[in-house]
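Under this note's numbering, the sequence shown has 1481 at position 92, and the numbering climbs by one with no breaks.
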Amino acid sequence: MKKFYKNANVASLNDGGYQILLDGKAIKTRSKRDLHLPTVILAEKIAAEWQNQGDIIKPDTMPFMRLSCTAIDSVMAQKDLIAANLAAYGDSDLICYMAEYPEILIKKQHQAWQPLHQWIDNKYDIKLIIAAGIIHVPQDNDSLVKFKNITKKFDAFKLTALHELTTLSGSIVIALAVMDGEISAKDGFLNSIIDDIYQAETWGEDMDAVIRNEKRMAEFLDADKFYQYLE
């Protein structure tokens, strides 16, 4: 789409929210819903995304617009279902499955994940069951209930951020630790690809994997910023 406006600005709403105006006209989501935003900083970031477009509008350069549309168009309508699906990640969380070999990989995983095991216990009283290998080992029902209690408290925008961070990393524990500020977003993502990093160090880089992980990391960092702009 060619750029059809000159100025993108933020306007306050009577309910305390914010919207984006393109040459004075309020923009809507992909599904033609009102793009009402909860914080002024998020609105300013989205306005900047629109303002910084060149002659051609490129949606893939507008991550905060995309995530906001997802929150409004998709998450709001099925918030309870999405919250339950995210809580279910706790039953097969990436950091619950340690490698069986080699020893160096086991050590790397332990150094990165054991502090997260301890953190989720201290923060939410969730004691993860840790297994070796990839065969599924169920978590205690009490832990799964606690994950559900965590996710159901998120509003649609924060749940969108949690969804991105969890699905990109394969770990709701990593996602929650990043959102809580326990670890940085960069470290959180790197903790989720320890096996890929080990394989690259051992056998050399697979450029397809490098490109894939660079894209996922960029999306992960954007999701973290999106969450921060909601606070």
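No residue lacks a Cβ here, since even glycine has one placed at the ideal position from N, Cα and C.
What you are looking at is a predicted structure, and each value in this text was computed from that prediction instead of being measured.
Secondary structure at Met1596: helix, using DSSP grouped into helix, strand and coil. Straight through space, the alpha carbons of Glu1571 and Met1465 are spaced by roughly 28 Å.
The residue among Lys1392, Asp1531 and Thr1549 with its C-alpha nearest the C-alpha of Asp1480 is Asp1531.
DSSP places Ser1457 in the uninterrupted alpha helix (DSSP H) bounded by Pro1452 to Thr1459. In the DSSP assignment, Gln1440 falls within the unbroken alpha helix (DSSP H) covering Val1429 to Gln1440. For Ile1582, there is no enclosing beta strand (DSSP E), as DSSP marks it with neither H nor E.
Beta-bridge analysis with DSSP links Lys1391 to Ile1445.
With respect to Lys1392, Asp1412 sits apart: the two C-beta atoms are not nearer than 7 Å.
The alpha helix (DSSP H) runs lying completely inside the region 1530 to 1569 and spanning 4 residues or more are 1530 to 1540, 1545 to 1558 and 1561 to 1569, given in chain order.
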